[in-house]
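Reading through the structure tokens given below for one structure.
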Amino acid sequence: MTPDDMVRFLDTAAKGADPAHEVDRATVRRLLAATDDGTLVILPFTTETLTSETARLSFLTRTFLADGATITLYQVAHGTTCRQHHDDERARHGEHTLYLDHAAARARHQEMRENLALTARHFEGPRS
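Final position of the sequence shown in our numbering is 133; the numbers increase by one with none missing.
Listed below in structure tokens is the structure:
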């Protein structure tokens with residue numbers, strides 16, 4: 006991961022419901038400093054993903070070593086795909102939110118999971 010990749014990863018994170026549990030500026034500075042001086046180590050990450058015909062929801066646990074300290078970020082990411090009005094092209098939209106707090110990330114993931122299930126049922130229509 007290059008410094009530009011790390012900046013983009015951190016900078017494109019959406020703001021969650023409770024900023025107190027999101028990645029703070031000190032953590033961002035620490036990750037960027039380790040990226041700049043070449044000491045950032047990215048450990049394997051785990052992913053849980055749910056997909057439907059038009060949406061994808063993921064919970065990622067990413068662990069980094071920066072300045073000898075372990076930093077674990079929890080990422081809740083979702084994306085949707087839809088057709089353009091008069092075109093066969095598909096438009097994609099997505100975002101991710103980064104958390105330092107596991108419980109806050111899980112709560113957001115669960116909320117989005119319930120929304121994904123409701124959206125899927127809405128598009129399926131009534132069942133007979």
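Where a beta carbon is used, it is the ideal one built from N, C-alpha and C, also for glycine. Note that the coordinates shown come from a computational prediction; the quantities given were computed from them, not determined experimentally.
Quiz item: If we count the other Cβ atoms within 10 Å of its Cβ and call it buried at 16 or more, is Ala82 buried or exposed?
Solution: buried
Any 3 or more C-beta pairs closer than 8 Å across the stretch 112-121 and the stretch 59-68: yes
CA-CA distance, Asp10 and Thr40?
10 Å
inquiry  = Beta-carbon within less than 6 Å of Leu103's beta-carbon, same chain only, minus the 5 sequence neighbours each way: which residues are those?
reply    = Ala18, Val28, Leu78, Gln80
Margin query: Tell me the DSSP secondary structure of Ala19 in three-state form.
Written below: coil
Between which two residues does the alpha helix (DSSP H) holding Leu65 run?
Note, Leu65: premise wrong, no alpha helix (DSSP H); beta strand (DSSP E) at 60-71.
Locate the alpha helix (DSSP H) running through Leu37, then write down its first and last residues.
30-41
- If you compare alpha carbons, which of Ala112, Gly84, Ala74, Thr75 is closest to Leu55? Gly84
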